[in-house]
Amino acid sequence: MSAGLDNLKHIVVLMMENRSFDHMLGSLMQKNPRINGLTGNESNPDTNGAAVKVQRNAQFQSQLDPDPDHHFPGVDLQIFGGQPPSQNRVANMQGFVKDYFSQTKDVGRSHNIMSYFDSEKDLPVLSTLATEYAVFNGWFSSIPGPTICNRAFAHYGTSFGQVGMDIFFILDNSIASIYERMVQAGHTAKIYYYDQPSSTMEIVNLLKNQPQIFATFDQFIADCSGNTLPEYTFIEPCYNDHPGADGGQILASDQHPDHNVREGERFIGNVYNAIRTNPTLWQSTALLVVYDEHGGIYDHVVPPSCTPDGFTASADATGTGAPFAFDRLGVRVPAILISPWVPRGTVVPGTESPNPQIFEHASIPGTVTNFFLAGDAKRTVREQRANSFLSLLTDQMRADDDCVVFGNLS
Amino acid sequence: MPPKVIQVPKTDPAAYNPNRPAGLLLRSQAQHMREALIKHAHEITTLLAIDMRSLKTEADISAFVHRATALLHTHAARPTKK
Numbered sequence: 442m443s444a445g446l447d448n449l450k451h452i453v454v455l456m457m458e459n460r461s462f463d464h465m466l467g468s469l470m471q472k473n474p475r476i477n478g479l480t481g482n483e484s485n486p487d488t489n490g491a492a493v494k495v496q497r498n499a500q501f502q503s504q505l506d507p508d509p510d511h512h513f514p515g516v517d518l519q520i521f522g523g524q525p526p527s528q529n530r531v532a533n534m535q536g537f538v539k540d541y542f543s544q545t546k547d548v549g550r551s552h553n554i555m556s557y558f559d560s561e562k563d564l565p566v567l568s569t570l571a572t573e574y575a576v577f578n579g580w581f582s583s584i585p586g587p588t589i590c591n592r593a594f595a596h597y598g599t600s601f602g603q604v605g606m607d608i609f610f611i612l613d614n615s616i617a618s619i620y621e622r623m624v625q626a627g628h629t630a631k632i633y634y635y636d637q638p639s640s641t642m643e644i645v646n647l648l649k650n651q652p653q654i655f656a657t658f659d660q661f662i663a664d665c666s667g668n669t670l671p672e673y674t675f676i677e678p679c680y681n682d683h684p685g686a687d688g689g690q691i692l693a694s695d696q697h698p699d700h701n702v703r704e705g706e707r708f709i710g711n712v713y714n715a716i717r718t719n720p721t722l723w724q725s726t727a728l729l730v731v732y733d734e735h736g737g738i739y740d741h742v743v744p745p746s747c748t749p750d751g752f753t754a755s756a757d758a759t760g761t762g763a764p765f766a767f768d769r770l771g772v773r774v775p776a777i778l779i780s781p782w783v784p785r786g787t788v789v790p791g792t793e794s795p796n797p798q799i800f801e802h803a804s805i806p807g808t809v810t811n812f813f814l815a816g817d818a819k820r821t822v823r824e825q826r827a828n829s830f831l832s833l834l835t836d837q838m839r840a841d842d843d844c845v846v847f848g849n850l851s
Numbered sequence: 107m108p109p110k111v112i113q114v115p116k117t118d119p120a121a122y123n124p125n126r127p128a129g130l131l132l133r134s135q136a137q138h139m140r141e142a143l144i145k146h147a148h149e150i151t152t153l154l155a156i157d158m159r160s161l162k163t164e165a166d167i168s169a170f171v172h173r174a175t176a177l178l179h180t181h182a183a184r185p186t187k188k
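These protein sequence lines map, in sequence, to chains Y and X. Counting from 442, one number per residue, gives the positions in the first sequence under the working numbering. Counting from 107, one number per residue, gives the positions in the second sequence under the working numbering.
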């Protein structure tokens, strides 16, 4: 076991919303060729058959309105370019513009789905964390579909057969959430949602049945400064614009289109600073920043196959005319592991490597269960086989002045 | 030597738009909340239908109190002072 693991007492996961890897971090390949981003020559055909290249012109807001399609049939089109389901079809990532046309009904605006940020200039928080700590070339959403089923994988290691936004009921009571597993074993775990007007996306199964595991983001800040952070923490950003208790303005920080990306940057910076500025917490915490799914936005990496989780979604449920056996991952998303025990500039290889290390959201309960509970929990085969991200913690802790802090945050 | 400080730009105040039409994610969230409330209401109704005179033993009382407490002991999301 590394010294980093020996010192580890807290795992914190911040899950943002609906942005692809290439959209947020693809430009970093120009600075570091080991990051599997964009050359600038990737393209998709539009509905007129014209090749639309990726465009470094992403905007913080208003560019992806209406919200790009990210439901199962739409993502199937994005990944397979419109080939109908068959055993022989090959994923080509050529259907993003065509699919966005179905929302925009405007050929020119459908090109916006190929936009990406100049990460270093536009996203100082995310790009700094990606280059200062460990960025994953191969972290994929768990399902080629929307938020709720993907987030379920982060909590349960499975979506219990769901591929959509419907309320999911736990079909297999023997598989407990990672929070139940922790608490029942005498450990501590919490979900921090932003505030009550924003609340949580984990309502029917977790908020309804386990309210004791929830707290607000203000409490997270207090727990960081008071050294009372649980062993496992999951953070949800603010999901909507709403008035604050003092009459001020609370902006959505989840980065879900069409919410302002810069506000999400500030939220990520605040989470990082809360841990970073407490020396005791900093050296004993691993922070994972990850996105739930790609939100319909272009990424060039073909999602790989994966271990099925034992469930099958019917053809009616998928909407593609074919069932889905949870044997293929969704589109790639940004993921960054942060700790002083992670060497600067770590790039975790993905599918571009002969020795890929593939991650998805089942890696989250999988890693937490392996570390805190020695793997002792009933869980899906998929979660059992999911890679653990803690192997990135080394024996060498970086000096305090070697780890950045963010300024100008409230 | 102090650590390097990366300055983070402020968000454009014009970004605030609580009148933005709610997307599918937020509509789903509200639907899920409603579903949870229905279950909650059903549980409250069931508990209120219990005849108090039928609770005779400590076990009877503890079972009732257990269910009632689970309902009443919801998380109080009162912000903590920073």
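Idealized CB from N, CA, C, for every residue including glycine. Computed from a predicted model, the values in this text were never measured in an experiment.
Simplified DSSP assignment, three categories, for residue i
i: N668 of chain Y; result: coil
i: H552 of chain Y; result: helix
i: L692 of chain Y; result: coil
i: S484 of chain Y; result: strand
i: M139 of chain X; result: helix
i: L570 of chain Y; result: helix
i: M623 of chain Y; result: helix
i: A617 of chain Y; result: coil
i: H700 of chain Y; result: coil
i: T657 of chain Y; result: strand
i: A121 of chain X; result: helix
i: Y680 of chain Y; result: coil
i: G848 of chain Y; result: strand
i: K631 of chain Y; result: strand
i: L466 of chain Y; result: helix
i: F800 of chain Y; result: strand
i: Q496 of chain Y; result: strand
i: P107 of chain X; result: A small fix is needed here, since residue 107 of chain X is Met in this sequence, not Pro. Coil.
i: V516 of chain Y; result: helix
i: L455 of chain Y; result: strand
i: V114 of chain X; result: coil
i: F830 of chain Y; result: helix
i: T163 of chain X; result: coil
i: Y541 of chain Y; result: helix
i: T599 of chain Y; result: coil
i: T674 of chain Y; result: strand
i: A176 of chain X; result: helix
Minimum C-alpha distance to residue i - residue among the options
i: A630 of chain Y; options: Y:M642, Y:S615 and Y:L647; result: Y:L647
i: L850 of chain Y; options: Y:E706, Y:V789 and Y:L692; result: Y:E706
i: Y680 of chain Y; options: Y:E672, Y:A693, Y:V566 and Y:L670; result: Y:A693
i: H802 of chain Y; options: Y:S832, Y:L729 and Y:I779; result: Y:L729
i: S615 of chain Y; options: Y:R820, Y:T835 and Y:Q471; result: Y:R820
i: G605 of chain Y; options: Y:Q696, Y:R530, Y:N529 and Y:F513; result: Y:F513
i: Y713 of chain Y; options: Y:V809, Y:H735, Y:F813 and Y:I676; result: Y:I676
i: D487 of chain Y; options: Y:M534, Y:D613, Y:V845 and Y:Q637; result: Y:M534
i: A832 of chain Y; options: Y:V788, Y:P638, Y:G598 and Y:V845; result: The identity of residue 832 of chain Y in the sequence shown is Ser, whereas the question assumes Ala. Of the candidates Y:V788, Y:P638, Y:G598 and Y:V845, the one whose C-alpha sits nearest the C-alpha of S832 of chain Y is Y:V788.
i: G481 of chain Y; options: Y:S527, Y:A492, Y:Q496 and Y:D664; result: Y:Q496
i: F794 of chain Y; options: Y:F830, Y:F658, Y:Q651 and Y:G579; result: Checking the sequence, you will find Ser at residue 794 of chain Y rather than Phe. For S794 of chain Y, the nearest C-alpha among the options comes from Y:G579.
i: H464 of chain Y; options: Y:V645, Y:D842, Y:G848 and Y:P698; result: Y:P698
i: I632 of chain Y; options: Y:F813, Y:F609, Y:D664 and Y:A626; result: Y:D664
i: S666 of chain Y; options: Y:S829, Y:R823, Y:P720 and Y:S618; result: Y:P720
i: F813 of chain Y; options: Y:M623, Y:F601 and Y:D517; result: Y:M623
i: P764 of chain Y; options: Y:P638, Y:Q603, Y:F577 and Y:Y597; result: Y:Q603
i: N591 of chain Y; options: Y:A818, Y:D817 and Y:V772; result: Y:V772
Burial state of residue i (16 or more Cβ within 10 Å)
i: T175 of chain X; result: exposed
i: L466 of chain Y; result: buried
i: S583 of chain Y; result: buried
i: P684 of chain Y; result: exposed
i: K539 of chain Y; result: buried
i: A182 of chain X; result: Residue confidence is low: A182 of chain X scores 43 on pLDDT, short of 50, so the model does not pin down where it sits. No coordinate-derived value is stated.
i: M852 of chain Y; result: Limits of chain Y in this structure are 442 at one end and 851 at the other, which puts residue 852 of chain Y out of reach.
i: G736 of chain Y; result: buried
i: H172 of chain X; result: exposed
i: L154 of chain X; result: exposed
i: T657 of chain Y; result: buried
Sequence-distant residues of the same chain with beta carbon closer than 7 Å to residue i, five excluded per side
i: P108 of chain X; result: none
i: S746 of chain Y; result: D768 and R769
i: N489 of chain Y; result: V548
i: G523 of chain Y; result: G536 and K539
i: D695 of chain Y; result: M457, E458, P678, C679, Y680 and G705
Residues of its chain near residue i, where Cβ-Cβ distance is below 8 Å and the 5 sequence neighbours each way are ignored
i: L161 of chain X; result: I167 and F170
Heavy atom of the ligand COA within 8 Å of residue i beta-carbon
i: R497 of chain Y; result: Of ligands this structure carries none, so the ligand COA is not represented either.
Contact set for residue i: own chain, Cβ-Cβ below 6 Å, skip 5 residues either direction
i: K450 of chain Y; result: S725
i: W782 of chain Y; result: G445, L834, T835 and M838
i: A532 of chain Y; result: I520, F521 and V743
Quiz item: What are the start and end residues of each continuous beta strand (DSSP E) run of 3 or more residues lying completely inside the region 704 to 792 of chain Y, in chain order?
Solution: Listed in chain order, the complete beta strand (DSSP E) runs (minimum 3 residues) inside the region 704 to 792 of chain Y are 726 to 732, 776 to 779 and 787 to 789.
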